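Down below is the structure, laid out as C-alpha cells.
Residue numbers (the working numbering), protein chains in the order written: chain X, 18 to 324; chain V, 3 to 558; chain L, 443 to 1021; chain S, 2 to 318.
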C-alpha cells in the first residue's frame, strides 16, 4: 500500500514536470505577452518590465529558474497581472474553490446516486426514462444558462438567496447547484450502469433467497459494487470542479481558483498560469490516487499495486 | 440462467422512502442555512444605514500602488485612498478643487507651476505629508527599475523622460523641486495650461516615502507596502480589507485633512466581472452603483428602474483602424467610402444600445472644444468614391479581413458592419474574431485590414485623442502618418493660450479626418445603475467621481 | 404429511421469441429427513423448479401457470411477497451452484452468514455473529473466528461453498434447496460437502432438495431421485431402483454415457442412442425409446478400447518434452517499482508426450495444471525450464518465430462461452486463423474449408453466419474444436474442455475428440479435474499437486495401483454410481 | 435453458453486427423514436434549412419580431430569422458533435485499449500522459492553436483554392473549422481512454483473447478485432454524454477565433448569445436551447438503445 502510494507519487512528479514543460512552452507560444494592453506601452518600458519579472533572460534560463524556485522555495512566482504572489492567490482562492467543489460534489452525489439507483432498479420504466432524461438535461443546459436562471427564478424572487457574492454560507448553494449539475448527470449515468451490472449478479439472487427486503438488497448488497464506476469518476471530477468553475465563479461572484486559469491566460500572466496549472496537476495526481485507494477500499478484491 | 432484473418483484414504496431521505436532508440543510443569517433587510439597506457605499468595480485590480497600476477600475479604488495635488470637481467637468495643494500658481507661459501644500496634510498613520513625499514619488515612478507603464504621464516635466529612459541617473536634472516642505515647484518642457487636469491622474499622486522605504528600496518592485496591513495613504479613506476577487473595502481616514466633510464611512468595491450578474445584484439590492449595464439590458433597465439608470457621455471614441499599408486601404477614398457607409445611428440604436453619440469626428465634444462634423452616413458619395478609387461596386478589391474581439457586443457590431458594407458597397468583409490579447497583439503588429478599436482619454484635453497618431506612436498602428499633422501638434505644444491651442488642435483633427485612417463610429457613454440612496453623484465626463462629497441616505 | 409437496407445477417463460415451458406439469414431494435428488441436464427445468418455490424468478418473463406447492401446510405460490420473504432464508434456504459468484464479494463472510439471522430474528448483532461462527465451525470451516472476517475471494472454492452452506443453515431451516452445490468443486472437497449434507439430514432431520446433473453425486447422497428432462419428470423412485433398473430411455442413456473407471468403450454411448424425441402438434415433446438402442449399445461394446495401453514407448516418437518447467507469477510493479509477491504456479515439472497419444493431466483446482497447458503454448511466460517441441525449445523463442508453432499447437479452453469472441460470426471466427496463417488460397477456398470443418465437428453450413451466443454450450465447444483444427495442428491442449458440460453433451464432445484424434493422428494434452474423464481419454496420466507432478504412469496403472497417498485420496473421493 | 436452440431450429437468418443491432434497436420503442427524431433533425438542418430565409440577412428595422409567415420563429437582435439561424447552426453543431465524438472515440478507444492491453510500463506511461493532458489548460492550447494552425490552414486553403479550384467561401469555412477539430481531438478523448482502459483490463483476461493469442494472432489484430469491438457498449453511452460538451466547446472556441466565423452560427453560439437576453428576449435562448436539448436527449436514448442492441449477449431473449 505504502509502496503503491510512493510509486504513484513519484509518477506524479514526472507528470508535473511534463506538465510544467508543456505549459511553459505553450505560454511562450501564445501571441502577446504579459505587458500587452489596450494602451500600448513604449518598448523601453516593456523592456524594463520584462527585466522586473526576469522575462528578459533566455528561455532556457527562465525554464530552470522557475523550477528552481518551485523546488527550493516552494514559490510559484509573482503574478504579472495582479500585484500578488501566486502562492498567496492560490492560498486565498483554493479554500473557496474547495468548499464550492465539495458542496457541488455532495449535491451531485446526493442527487445523482439516488437517480442512478432508482433508474437501475426500475430499469426501462418511467422512473428510469425520466431519471435519465433529467440527467441528460443536466448535461445539456450549460452553466451560463442555469446560473442566470437560478438567479432570476430564486434569488430575485426569494430573499433567501443572494444573486451573487460569497459572504454568507447560503451563498454557496446556488453556485454549487449550477456547478454540480453536469457532475450529477454523469454520476447518475455511471451509477445506473454500475448498478445494472451488479443487479444481474448471482449474489443478488442469493440475497433475495435469504429473505432480505428489497431496500436492503439494494443498499447493502448492490450499492457498494454499483458505485465503483462512479467513484472512479469522482476523483478527476472533483479536480475538474475545482478548476473548471470559471463560468460559475463569474456568474455568482465567487472568489475561486477557476478565474485564475482564464484571467491568467487572457493576461498572459506566465507565473500565475504555471502556478495554477501545476497546482491543478498536483490535485489531479492526488485525486486519481485517492479514487484508486477508495476503489480499493470499496472493492476488497482489488489489491492496490496490481490495478 | 441469468436474472437480469430480479428486482421486478421489488416493492416500490420502500424505494421511494429511501429516495426521500436525502431529499429531506437537503431541505433540512436549506432550512438551517436560512435561519443562520436571517436578516430580512437587503445588503443595500444595511450598507446605507452604515454609511457604506457598495460599488461594482468590474474586476480585480492589478494592485493598489498608484505608480504600478493603470486602468479605470484601479483608478476608482486609488482615488479613494490617495489624493493628488488637486481633485476633480464634484459636478463640473474640467475644473478642480484643492487637494493636497491649497493653492496653485503658474507663470504666464503655464510652464513653471508652484503648488502650495497644505500644512495639515497627513498620512493615515499620522505622519505629515510634505513636498518631500512628492519629490520622492516623482523620482520613484520615473525610476526605470520600477517599470511603471504609465510613467509617460510625467514626461511633461523637464528632464523626466531622460531620467526614466536612463539617459541620466541624476534626479536633480528633473524639473521638480521642493524649496520648503510645503512648496512644490514643477518645471515643464513647454506650456501646458491644463497641468492641474493631469495631476488628477494617479501617476501624480504621492506615496508615503517613510513607508515605501521601510519595505524596500525606491525603485524596488514587488514590495509589501500595499498589503492591507502596511498600506498608508492620504486620501479620504484608508484600506480596511482586501480579499482577492471578492472585495476591497475602504473606511474613513480620520487623519484626512478634510475628514469632517467626508460624507460616507466607507466604500466596498466588488470586482464583478459579469455585467449581467451585476445588474441582477443591483435589482435585488446588493449594490448601490453598478460599473455598467450590458447593452441587452439597457432598455430593460430603463423600463424597470427608470430612476436608477444613468446614461452619461464619457471621454472615449469607438472607431475602426484601417491598415493604410494594406493594399485595399492605401487610398483614402476607399477609407472614406467605408466610413461613409457606416450607419452610426442604426448601430447605436440596434447594436450597442447605450445611447452613444454618433461620432461625427474623432474627439468627443466637451467643454469649449467644439465637435468636428465631417463624418456622416452617405452611401451615395461612398459608392462614387469607391468607383473613383478604381473599385466600382467593390470589384477588384482584395480580400478584406475585419479584426475584432471576443468582448461584449463586438461580434454583433462586426456582423452589422459587414451587412452595411455588403449592402452599400457590395463588399464582403471577412470577420476575424480573436481572443482579446491575441487581438491586441495582432493589431499592434498591424496584421489586419480593418480592426475594431477605441480610445478612452487620459485627461480632459483633445490632445489625448490626437497625439497618438504621430508616426511610430505606440498606439497608432495604422501605418498612417502625416508631416503637416505632426507640425500642427508641435505648434500646439509651444503655446500656452487655450484658444490658440484649440484652434490648432481642431485644424489637426480636421486634417486627420480628411485622411480618415480610422473610421469613427460612436462616442462612448457610460450606462450604469445607481441607487437613489446615493446623493451627490453627478455626471462627469472623466468618471473621476470624488467620493468625499457623496452622502448616503435611504430614499423614501 | 410430506414437508414439501409439488403438484402439477407449471412455470413458463414468455418472451418475444415465444413461450418456453421451463417446468411443465411436474409433481413430487420431499419428506422431513430426506434427500431428494433432482437430476437433469441444463435446460431440464430443475433450477427453475427451485427458484419457483422461493419466488425468485423474474416476472416477467417467468410466469407460474398452474399447480401448487405446499410447504408445511402453506401454499407457497399464493403467499404475499412479505410472507414469502419471511419463509425465504428462515424456513427454506437455498445453496447455489457457484459460491464465487453467489457470495457478495464486497462483504465479509461473517456479514453474509449472519445476515439471515439478523433479517429474520430479533437478536443482537453479537449474538447473530456468534451463531454464524458456530455454524461455520459445524460445516467444517477451521479457525472460523479468525477467518470469518475475510472476504469471499480470500477463501478457497471449498471454503466458500461451506460458507454458503453455513449461511443456508444458520437459521435452522426445515428445507434446503441445494442447486448444484458441488459442481464447481474438486472431488475431495465435494466428498466432504456431501458428508456435511448427509449429517444434516441424519442429525437435524432437515429435508433437502439436491439438484445436480451428476448422477454419481446423486447416487452418493440422495434417498430418492427425480429425473427431469425438458421440463418434465421422466422418472422418479428410490436411488436403487433408478440406478439399477431404469425404465425410461433417457435415464438409461444418461447412465450409460458417463465414463467410469471401468468404462471400456472406445466411443461412449450418448443419450441420443437411447432416446428419440418428436414434437407434438401442440409444441410439447413426445419421447420414445429407440428400437435399436440395444443393438447400438452392443455395437459400441464390441469396439473395446485398445488404446488404453500406450504404444511401445521406444517406438513412439516423442513430440513434446517439458523439462524442469517453472512458472512463477509476480504481482505489483509499475513504472518505477519492482514486483513484490511471487506465486509458484508451476515449480519444476517434467513431462513428455508421444505423437498420437493422449497425456492426461489431473489435479485439483490451483495445482498448476492449467498453467502448464498455457506455458507449453507460451501463453504465459516461463520462469525457468524448457519446452521442447519437435526439437525446438519454445521457451526462449522470440514471439515472431513462435508463429509457425502457433499453427502446430492449439488449445481448447474450459469455457466455450468465454473463449469465443461474442462479436464475430462463426464464419469470421473460423476463417480468421486461416487468414493469419496464410492457409488456403483465397476466401472461397477458406469458406469451403470452414464448411468442411463444421461438418467434421457435427455442425452444419446453416450455422456459418450466426453468433456464438446463438449456440448451446456443447455446440460452442464444437466450434472451439473446429477453430483449433482450422490451422491443422498436430498437438492440442484440452484444458478442462468438458468440465462445464452435461454428461450427455460431454459424451458427445469426448467422442468427437476421440474420432478426430484417430482421423488426424492428433496428440492431446488432456487437462481435467475429473478422474473418470481423464481415465477415459488418456494413455498416460500425470497427477499434479501444488505445482509438481505427484505421480506419473499409464492410465491403468494409476487407477488400479496408485502409488502416492494423494492419488489414492483423489480416487477414493470420486462418487461412483455402482450398485 | 437455452433459447438458442430454438432459434437455431427455426433458422433465423444470420446478419452482420450492425444490421443485427438495427433489428434489435427496432424493438426498443423509445430508442426508435429517438432515432427518427435525430433523423428528422438531420433532415431539417441539412435539407429544410436551404428553404429558409437567408440566416445572415440583417434587417435592423425588424429586430425581435414575433412569429410570422416570413419569420417562422421570429427574428433576433439584428432582425435575422431565428429559425433559419437555428437550422444552419445545427449543421455546424451536429457536424462538430459528430466529428469530435468520432475523433474522441477513435483516439480514446485506441489509446485506452492499448494502454489496458499492454499493461505495465506502457500503461503507466500512457495513463500518466492522460493525466498530464488533463491538466493542461484548454484555453491556452486553443489560443496557441489559433496562431499556429490557423496560419497553416490559411495557407493550405489558399493552395486548395488555387490549385483545385475549390469555392473560396466554402474552403474558408472548412479551413476555419479544422483547427477546432484538432483542438477537440487533442483533448476530447481523455476520459474515454480511461473508461475503455478499465473495460479492457477485464476483457483481456477473457479466454477468447487467450484463444486468439494461441491461434497466433498479432497483438494488433487481437486489439482491434477482438478487444475493441467488445468495448463498444460503454463507449457509445459515454460518447453520447460528451456530445453536448463538445458542442458547447465549439461556441467557446468560436468566440476565441477558432471555429465558426461570424456571421455563421451554431447552436452553442446561439445559446451563448441568447443567454444574454434571458430577461429581455428569452426566446433567443429557448429556441436554440430546445433544438439542442431535444436532439441530445434523443441521441442519449439512442445511445442507450445502441448499447443494448450492440450487446449481442444480452440479446438472448
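Glycine included, every Cβ here is placed at the ideal spot set by N, Cα and C.
Owing to the predicted nature of the structure, the values given are computational and were not obtained by experimental measurement.
Return the bridge partner residues of residue 102(X) from the DSSP annotation.
Its beta-bridge partners are 95(X).
What residues in its chain sit with their C-beta under 8 Å from that of residue 68(S), if we drop five residues either side in the sequence?
If we look at residue 68(S) and ignore the five residues flanking it on each side, its Cβ neighbours are 74 and 75.
Going by beta carbon distance, what residues of the same chain come within less than 6 Å of residue 29(S), once the five residues before and after it are set aside?
Cβ neighbours of residue 29(S) beyond the five flanking positions: 306.
Closer than 8 Å by beta-carbon distance: list the chain V residues that pair up with residue 285(X), in chain order.
Within 8 Å Cβ-Cβ: 439.
Determine, for residue 714(L), whether the minimum Cβ-Cβ distance to residues of chain S falls below 9 Å.
Among the CB atoms of chain S, none fall inside 9 Å of the CB of residue 714(L).
DSSP state of residue 594(L), grouped into three classes?
Looking at residue 594(L) - three-state DSSP - the assignment turns out to be helix.
CB-CB length for residue 176(V) against residue 159(V), believed under 8 Å
The C-beta distance from residue 176(V) to residue 159(V) rounds to 6 Å, short enough to fall under 8 Å.
Inter-residue spacing [alpha-carbon to alpha-carbon] between residue 155(V) and residue 487(V):
The straight-line gap from Cα to Cα measures roughly 22 Å.
Within-9 Å CB hit, residue 79(X) to chain V
Chain V contact via Cβ: absent.
Length of the line joining the Cα atoms of residue 146(X) and residue 26(S):
Straight-line Cα distance between these residues: approximately 16 Å.
From what residue to what residue does the alpha helix (DSSP H) around residue 450(L) run?
The continuous stretches of alpha helix (DSSP H) do not include residue 450(L), which lies in the beta strand (DSSP E) extending over residues 446 to 457.
Strictly below 7 Å CB to CB, what residues from chain S border residue 299(V)?
Contact of residue 299(V) with chain S by beta-carbon distance below 7 Å involves 280 and 281.
In three-state terms, what does DSSP make of residue 9(V)?
Residue placement at residue 9(V) is flagged as unreliable, the pLDDT there being 36, under the threshold of 50; a coordinate-derived value is accordingly withheld.
Looking at the structure shown, is residue 190(S) part of a helix, part of a strand, or coil, going by DSSP?
Residue 190(S) falls in the coil class under three-state DSSP.
Hey, out of 59(V), 316(V) and 269(V), whose CA is closest to residue 527(V)'s CA?
When each option's Cα is compared against that of residue 527(V), the closest is 316(V).
By Cβ distance below 8 Å, which residues in the same chain neighbour residue 907(L) in space, the five residues on each side in sequence not counted?
Within the same chain, residue 907(L) has close Cβ partners 867, 868 and 869.
Could you name each continuous alpha helix (DSSP H) segment of 4 residues or more that falls completely within the stretch 184 to 265 of chain X, going from the start of the chain to the end?
Counting only runs of 4 or more residues that sit fully inside the stretch 184 to 265 of chain X, the alpha helix (DSSP H) segments are 190 to 216, 219 to 226, 240 to 243 and 245 to 260, in chain order.
Contact the stretch 673 to 681 of chain L vs the stretch 449 to 466 of chain L: 3+ CB pairs below 8 Å:
The stretch 673 to 681 of chain L, when compared against the stretch 449 to 466 of chain L, does touch it at the 8 Å Cβ threshold.
Give the residues from the stretch 787 to 821 of chain L that approach chain S closer than 7 Å (Cβ to any Cβ), ordered along the chain.
In summary, the residues of the stretch 787 to 821 of chain L whose CB is separated from some CB of chain S by less than 7 Å are 819 and 821, in the order they occur in the chain.
Do residue 229(S) and residue 110(S) have their C-beta atoms within less than 9 Å of each other?
In contact: residue 229(S) and residue 110(S) (Cβ atoms closer than 9 Å).
DSSP-derived helix/strand/coil call for residue 709(L):
The three-state reading of DSSP puts residue 709(L) in coil, since its state is none of H, G, I, E or B.
Pull the bridge partners of residue 118(V) from the DSSP assignment, please.
In DSSP, residue 118(V) forms a bridge with 105(V) and 185(V).
Which bits of chain L does residue 231(S) rub up against, with CB to CB less than 9 Å?
Within chain L, the residues near residue 231(S) are 863, 864 and 865.
Work out the CA separation of residue 861(L) and residue 617(L) for me, nearest whole Å.
The alpha-carbon atoms of residue 617(L) and residue 861(L) are separated by roughly 38 Å.
Can you pull the chain V residues whose beta carbon is under 7 Å from the beta carbon of residue 179(X), in chain order?
Here the neighbours are 288.
Using a Cβ cut-off of 7 Å, pull out every chain X residue sitting near residue 129(S), in sequence order please.
For a Cβ distance threshold of 7 Å, residue set 28, 31 and 32 of chain X lies close to residue 129(S), ordered along the chain.
Keeping to the same chain, check which residues put their C-beta closer than 6 Å to that of residue 570(L); ignore five residues upstream and five downstream.
Within its own chain, the residues whose Cβ lies closer than 6 Å to the Cβ of residue 570(L), once the five positions on either side in sequence are excluded, are 556, 559 and 560, listed in chain order.
Quick one: grab the DSSP three-state call for residue 898(L).
In the three-state reduction of the DSSP assignment, residue 898(L) falls in the helix class.
Just how far apart, CA to CA, sit residue 96(X) and residue 291(X)?
One C-alpha to the other measures close to 10 Å.
Between the alpha carbons of residue 37(X) and residue 277(S), how many angstroms are there, rounded?
Pairing residue 37(X) with residue 277(S), the inter-Cα distance amounts to about 37 Å.
If I'm right that residue 821(L) touches residue 215(S) with Cβ under 8 Å, what's the distance once you round it to whole angstroms?
The Cβ separation is near 6 Å, so the contact holds.
Counting only Cβ pairs nearer than 8 Å, list the residues of chain L close to residue 219(X).
Near residue 219(X) (Cβ distances below 8 Å), the residues of chain L are 538, 540, 543 and 544.
Would you check if the stretch 124 to 135 of chain X and the stretch 261 to 277 of chain X touch, i.e. whether three or more CB-CB distances between them fall below 8 Å?
Judged by Cβ distances under 8 Å, the stretch 261 to 277 of chain X makes no contact with the stretch 124 to 135 of chain X, as fewer than three pairs qualify.
Closer than 9 Å to chain V by CB, residue 238(X):
For residue 238(X), not one C-beta of chain V is nearer than 9 Å to its own C-beta.
Is the beta carbon of residue 107(S) less than 9 Å from the beta carbon of residue 51(S)?
Contact annotation: residue 107(S) and residue 51(S) have beta-carbon atoms that are not nearer than 9 Å.
Does chain X have any CB closer than 9 Å to the CB of residue 156(S)?
It does not: the Cβ of residue 156(S) has no partner Cβ on chain X nearer than 9 Å.
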